[in-house]
């Protein structure tokens with residue numbers, strides 16, 4: 003499949019991925035020591051929801067647009083608020099016309115002592131990301147293949163932080179590359195937090211990835227692997243993506259309990275033709 007960010011900006015998978023991203027970075031903010039975000043497949047950074055690519059699928063209409071209009075309990079709303087506040091900051095006129103990708107969401111949650119490295123190989127997307135960050139001294143954009151970036155930038159000097167691995171899955175061996183890329187980075191930096199995104203279309207491939215990542219995390223010591231999958235409708239073999247997955251290695255101790263509050267309240271607004279469903283577990287290696 004081809005999961006280029008621009009065609010799917012603001013869809014249900016982005017909503018889930020970016021809520022988790024915001025919760026992890028909010029947790030890292032609790033200690034004064036600096037942290038670093040490493041985004042291996044960063045994309046363009048900011049997406050025009052009125053442009054041809056986003057309009058072609060219109061996936062944001064059943065994603066971020068629904069979540070912006072949904073009502074949440076105080077507890078769930080408070081946990082989602084950092085993410086939604088960032089989205090609203092890019093839409094000051096209230097009409098939803100722009101969606102920030104992971105590097106801009108991460109940048110919004112950096113404190114003065116924190117930093118970010120965003121890797122993007124595509125020259126058009128990289129230029130757009132550089133323009134979106136406006137020569138930010140805390141955020142460095144590099145012309146480097148995402149898999150090479152994982153080797154080049156870990157461990158960071160801060161020794162605290164998050165590695166986000168979010169490839170486009172344009173190639174058939176992307177699941178294997180994701181496992182290998184994580185293995186290489188984790189071998190160099192076993193105490194970092196890792197957030198791996200994957201599409202859920204082939205159960206055998208997703209289970210194999212989760213098993214391998216959980217096994218690698220366990221061999222690194224006390225590492226744990228939190229697995230989250232969210233489905234908005236039954237997945238059809240040749241249909242559009244309706245199920246998304248995340249693996250979080252070394253998750254903040256608060257994350258699982260926070261997601262158990264948030265995810266049930268996302269089922270109704272994100273569901274297509276009915277209430278969606280999710281799974282949240284710690285896979286056994």
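Numbering (this note's numbering), first residue to last: 3 to 287.
Every residue, glycine too, gets a C-beta built ideally from N, C-alpha and C.
{"Check": "Given a cut-off of 8 Å, decide if residue 261 and residue 234 are closer than it, judged by their beta-carbon atoms.", "Outcome": "no"}
{"Check": "Three-state secondary structure (DSSP) at residue 13?", "Outcome": "coil"}
{"Check": "Which stretch, first to last residue, makes up the alpha helix (DSSP H) that contains residue 231?", "Outcome": "Per DSSP, residue 231 belongs to no alpha helix (DSSP H); it is in the beta strand (DSSP E), 227 to 233."}
{"Check": "Where does residue 161 fall in DSSP's three states?", "Outcome": "coil"}
{"Check": "What distance in whole Å lies between the Cβ atoms of residue 108 and residue 27, which are believed to be in contact at a cut-off of 8 Å?", "Outcome": "6 Å"}
{"Check": "Starting from residue 213 and walking both ways along the alpha helix (DSSP H), at which residues does that stretch end?", "Outcome": "205 to 221"}
{"Check": "Any chance the stretch 263 to 279 sits against the stretch 67 to 78, with 3 or more Cβ pairs inside 8 Å?", "Outcome": "yes"}
{"Check": "Going along the chain, which residues of its own chain have a beta-carbon closer than 8 Å to the beta-carbon of residue 22, five neighbours each way excluded?", "Outcome": "197, 230, 248, 250, 257, 261"}
{"Check": "Hey, quick one: how far does the beta strand (DSSP E) through residue 38 stretch, first residue to last?", "Outcome": "38 to 41"}
{"Check": "At which residues does the beta strand (DSSP E) containing residue 48 begin and terminate?", "Outcome": "48 to 50"}
{"Check": "Does residue 80 come out as helix, strand or coil in the three-state DSSP assignment?", "Outcome": "helix"}
{"Check": "Can you give, in chain order, each stretch of the beta strand (DSSP E) that sits fully within the stretch 84 to 131 and has at least 3 residues?", "Outcome": "100 to 102, 117 to 121"}
{"Check": "Taking the alpha-carbon positions, what's the residue 34 to residue 103 distance?", "Outcome": "26 Å"}
{"Check": "Which value, in whole angstroms, describes the spacing of the CA atoms of residue 182 and residue 81?", "Outcome": "32 Å"}
{"Check": "Among 129, 189, 134, 130, which one has its Cα closest to the Cα of residue 155?", "Outcome": "189"}
{"Check": "Note down, in chain order, each residue of its chain lying with its Cβ closer than 6 Å to the Cβ of residue 252, except the 5 sequence neighbours on either side.", "Outcome": "195, 225"}
{"Check": "Cβ of residue 175 versus every heavy atom of the ligand NAP: is any distance shorter than 7 Å?", "Outcome": "Of ligands this structure carries none, so the ligand NAP is not represented either."}
{"Check": "Of all the beta strand (DSSP E) runs that stay within the bounds of the stretch 257 to 286, which reach a length of 3 or more residues?", "Outcome": "279 to 283"}
{"Check": "Out of 153, 163, 152, 48, which one is the CA nearest neighbour of residue 105?", "Outcome": "48"}
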